[in-house]
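Read the structure below first, then the notes.
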DNA sequence: AGGGCTCCTTGACCTACATCAATGGCCGAG
DNA sequence: CTCGGCCATTGATGTAGGTCAAGGAGCCCT
């Protein structure tokens with residue numbers, strides 16, 4: 001399958017999902033043997049030795065999703081664990097009346113689907129065209145027993161996630177709208193660096209609404225805050241989901257509440 | 259050391275801390291070899307086999323803290339990992355200007371201090387008279403290498419924590435004051451059951467201020483919300499940190515946003 | 001018993017953000 | 001090119017919860 005052809009397929013999916021009442025069949029996307037998993041940051045596949053890589057590639061498969069396509073839903077049986085290799089994924093929880101809280105945005109190298117319980121604790125959905133590696137949970141657990149070092153890596157990743165989550169609680173519980181948005185932009189910038197991209201004009205692929213649900217704000221407040229920052233000369237909106245952090249120092253001070 | 263004597267010591271500490279400007283020396287409390295660690299829920303020490311228990315008890319020691327005494331501070335080198343055996347601990351992060359976000363309350367059986375990085379990601383402080391088991395991190399890591407099953411248990415605990423943290427993000431970002439307080443009371447009740455206590459008149463050992471910092475509210479709003487629930491007959495304030503959940507059904511509906 | 005804590009409660013008022021509503025830009029489809 | 005959808009932006013208005021201020025209750029200490 002050539003690259004051109006894969007893109008065609010994604011457009012098909014996108015077209016389909018635009019017409020479906022309930023966007024798309026569960027855990028949709030094109031599935032084929034995974035040749036990726038060459039991402040090297042915070043990844044389960046990072047720093048594997050040869051033997052581990054061999055065994056890993058035997059159980060892994062690849063998933064491709066178009067924008068807005070669901071990967072899995074909260075409370076669905078947690079059959080797989082995923083590793084983002086390209087694109088961006090949003091992860092969220094819902095209240096019965098539809099209020100939504102994003103619990104994270106995931107980028108290449110990030111991991112999702114780790115669940116202690118039988119079922120996923122949150123829903124996951126593609127933000128942009130996205131590719132992921134999929135590990136059947138059962139088989140992965142088998143591997144973990146054989147290679148305790150992989151388990152250690154997972155533990156490290158979980159601890160890291162936990163620290164990130166606590167930082168986010170501080171943001172949600174105690175920061176103002178301005179501080180939240182500033183923190184958010186800086187976070188995107190830092191993570192872009194981590195996966196080897198430029199830190200300055202950053203890409204903000206998600207909608208204002210998604211950002212609002214991540215920061216505990218409304219679309220309108222996010223939008224207003226962006227324009228405030230723009231008017232203050234702190235950021236520049238370049239259009240097309242690109243934002244330039246024109247004055248990082250100010251953003252940094254702002255993100256912390258000064 | 260007899261029980262009576264230990265209590266005396268704790269009163270001494272309390273007396274001291276009442277007079278000190280900065281409450282008490284770092285990681286204070288009385289330290290003696292640990293005979294506890296017989297708590298059986300979500301604990302590192304739970305379900306150990308005999309050999310593990312032996313090795314564990316060789317590295318563990320015990321810590322006792324009076325109310326308000328710090329266990330460790332954010333950014334301090336993470337030398338130890340702790341397991342609460344009695345009492346209650348609060349864990350929080352601060353903004354430079356002093357705003358505070360509790361990231362959790364810990365009860366007997368809970369674990370804290372797991373850190374991926376060199377330093378603790380948060381501060382921890384006793385809410386009531388508290389005893390903990392202390393594991394030097396380095397030595398614990400040595401044990402983990404020998405007993406991969408313990409590592410698995412830790413991973414399970416971290417995943418569980420992560421799910422709890424995500425639930426808390428939903429609360430902080432999207433719930434109203436009433437929903438937050440209702441969720442909080444139910445959480446306390448559920449956790450009381452988990453560690454084998456009654457689920458109804460529950461003990462609420464922390465101050466309104468602490469609760470506010472946990473729920474992203476002010477002291478006043480927490481207090482007002484308690485009285486609203488009281489007036490509606492949903493709860494009864496029994497005084498002395500005891501609360502009766504008179505109408506759990508209503509609380510449950512309320513906690514979810516209905 | 002009385003003074004000085006800290007914590008809780010309640011009231012009056014205020015403000016940051018939500019809500020409601022209108023408009024405009026962009027993009028894909030025909 | 002035009003039409004229809006979606007998203008972002010902006011304005012006008014509303015409100016949940018914050019802020020400020022004043023008691024009051026329990027507790028320890030003398």
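Protein chains in written order, with the numbering used here: chain W, 1 to 258; chain B, 259 to 516. Glycine included, each C-beta is placed from N, C-alpha and C at the ideal position.
Where residue 406 (chain B) falls: helix, strand or coil (DSSP):
Here residue 406 (chain B) sits in helix by DSSP.
Bridge partners - residue 439 (chain B), DSSP secondary structure assignment:
DSSP output for residue 439 (chain B) lists no bridge partner at all.
Since residue 259 (chain W) meets chain B, which of its residues come closer than 7 angstroms, beta carbon to beta carbon?
With chain W covering 1 to 258 only, the question about residue 259 (chain W) has no answer from this structure.
If the criterion is Cβ atoms closer than 8 angstroms, does the pair residue 449 (chain B) and residue 483 (chain B) meet it?
Not closer than 8 angstroms, so no.
If we ignore side chains and look at the alpha-carbon of each, how far apart do residue 372 (chain B) and residue 333 (chain B) end up?
In a straight line, the C-alpha of residue 372 (chain B) is about 13 angstroms away from that of residue 333 (chain B).
Could you check whether residue 111 (chain W) and residue 150 (chain W) sit closer than 8 angstroms to each other, using their CB atoms as the reference points?
The beta carbons of residue 150 (chain W) and residue 111 (chain W) sit no closer together than 8 angstroms.
Where the beta strand (DSSP E) through residue 341 (chain B) begins and ends
Counting along the chain, the beta strand (DSSP E) containing residue 341 (chain B) begins and ends at 338–344.
Between the beta-carbon of residue 107 (chain W) and the beta-carbon of residue 90 (chain W), is there less than 8 angstroms?
Not a contact, by the Cβ cut-off of 8 angstroms.
Compute the Euclidean distance between the alpha carbons of residue 15 (chain W) and residue 127 (chain W), then round it to the nearest angstrom.
Reliability fails at residue 15 (chain W), whose pLDDT of 35 lies under 50, so the model's placement of it is uncertain and the value that follows must be treated cautiously. Approximately 16 angstroms, taken between the alpha carbons.
In chain order, which beta strand (DSSP E) runs of at least 3 residues are fully inside the region 201–243 of chain W?
The qualifying runs are 235–239.
Mind checking if residue 101 (chain W) is an interface residue toward chain B, Cβ cutoff 8 angstroms exclusive?
At least one CB atom of chain B sits nearer than 8 angstroms to the CB of residue 101 (chain W).
Specify, as a first and last residue, the run of the alpha helix (DSSP H) that residue 255 (chain W) falls within.
248–255 is the span of the alpha helix (DSSP H), which, as asked, contains residue 255 (chain W).
Assess contact between the region 90–104 of chain W and the region 206–225 of chain W, defined as three or more Cβ pairs (one per stretch) separated by less than 8 angstroms. Is contact present?
These segments touch.
Could you pull the DSSP bridge partners for residue 75 (chain W) from this structure?
Residue pairing for residue 75 (chain W): DSSP places it in no beta bridge.
With residue 383 (chain B) as the anchor, note down where its beta strand (DSSP E) starts and where it stops.
Counted as a single uninterrupted DSSP element, the beta strand (DSSP E) harbouring residue 383 (chain B) occupies residues 381–384.
Beta-carbon spacing of residue 130 (chain W), residue 62 (chain W) below 8 angstroms:
Contact flag unset, no.
Please state whether DSSP places residue 454 (chain B) in a helix, a strand or coil.
Three-state DSSP puts residue 454 (chain B) in coil, outside helix and strand.
Below 8 angstroms between beta carbons: does that hold for residue 357 (chain B) and residue 239 (chain W)?
Against a cut-off of 8 angstroms, the Cβ pair of residue 239 (chain W) and residue 357 (chain B) comes out as no contact.
Just the C-alpha distance for residue 526 (chain B) and residue 442 (chain B), rounded to the nearest angstrom, thanks.
Given a span of 259 to 516 for chain B in the structure shown, any question on residue 526 (chain B) remains unanswerable.
Mark residue 124 (chain W) as exposed unless 16 or more other C-beta atoms lie within 10 angstroms of its C-beta, in which case mark it buried.
The residue is buried, with at least 16 neighbouring Cβ atoms inside 10 Å.
Closer than 8 angstroms, CB to CB, is residue 432 (chain B) near chain W or not?
True, the Cβ-Cβ gap to chain W drops below 8 angstroms.
Residues bridged to residue 102 (chain W) by DSSP?
Per DSSP, W:92.
Name, please, each residue of chain W whose Cβ falls closer than 7 angstroms to the Cβ of residue 464 (chain B).
Those within 7 angstroms of residue 464 (chain B) in chain W number zero; the least Cβ separation is about 15 angstroms.
Is the beta carbon of residue 234 (chain W) closer than 8 angstroms to that of residue 219 (chain W)?
No, the pair does not count as a contact, with Cβ atoms beyond the cut-off.
Assuming residue 463 (chain B) contacts residue 346 (chain B) (C-beta within less than 8 angstroms), just tell me the rounded distance between them.
The Cβ separation is near 5 angstroms, so the contact holds.
Tell me, to the nearest whole angstrom, how far the beta carbon of residue 359 (chain B) is from that of residue 174 (chain W); I am working on the premise that it is less than 8 angstroms.
Cβ-Cβ separation between residue 359 (chain B) and residue 174 (chain W): approximately 5 angstroms, consistent with a contact (criterion under 8 angstroms).
Terminal residues of the continuous beta strand (DSSP E) containing residue 63 (chain W)?
Unbroken beta strand (DSSP E) run through residue 63 (chain W): 61–65.
Do you know offhand how far residue 201 (chain W)'s Cα is from residue 227 (chain W)'s?
Residue 201 (chain W) and residue 227 (chain W): Cα-Cα distance of roughly 17 angstroms.
Using the rule of at least 16 other Cβ atoms within 10 Å of the residue's Cβ for burial, across every protein chain shown, is residue 84 (chain W) buried or exposed?
Per the 10 Å Cβ criterion, buried.
Give a yes or no on whether the C-beta atoms belonging to residue 161 (chain W) and residue 420 (chain B) are separated by under 8 angstroms.
Taking the C-beta atoms as reference points, residue 420 (chain B) is found nearer than 8 angstroms to residue 161 (chain W).
With residue 394 (chain B) as the anchor, note down where its beta strand (DSSP E) starts and where it stops.
Counting along the chain, the beta strand (DSSP E) containing residue 394 (chain B) begins and ends at 388–394.
By the three-class DSSP mapping on this structure, what secondary structure does residue 372 (chain B) have?
Collapsing the DSSP output to three states places residue 372 (chain B) in coil.
Would residue 368 (chain B) pass as an interface residue toward chain W - the criterion being a Cβ-Cβ separation below 8 angstroms?
Under the Cβ distance rule, residue 368 (chain B) does not count among the residues neighbouring chain W, no pair being separated by less than 8 angstroms.
Mind checking if residue 409 (chain B) is an interface residue toward chain W, Cβ cutoff 8 angstroms exclusive?
Output row for residue 409 (chain B): interface = yes.
Residue(s) in a DSSP beta bridge with residue 108 (chain W)
Under DSSP, residue 108 (chain W) forms no beta bridge with any residue.
Would residue 499 (chain B) be called buried (16 or more neighbouring beta carbons within 10 Å of its own) or exposed?
Exposed.
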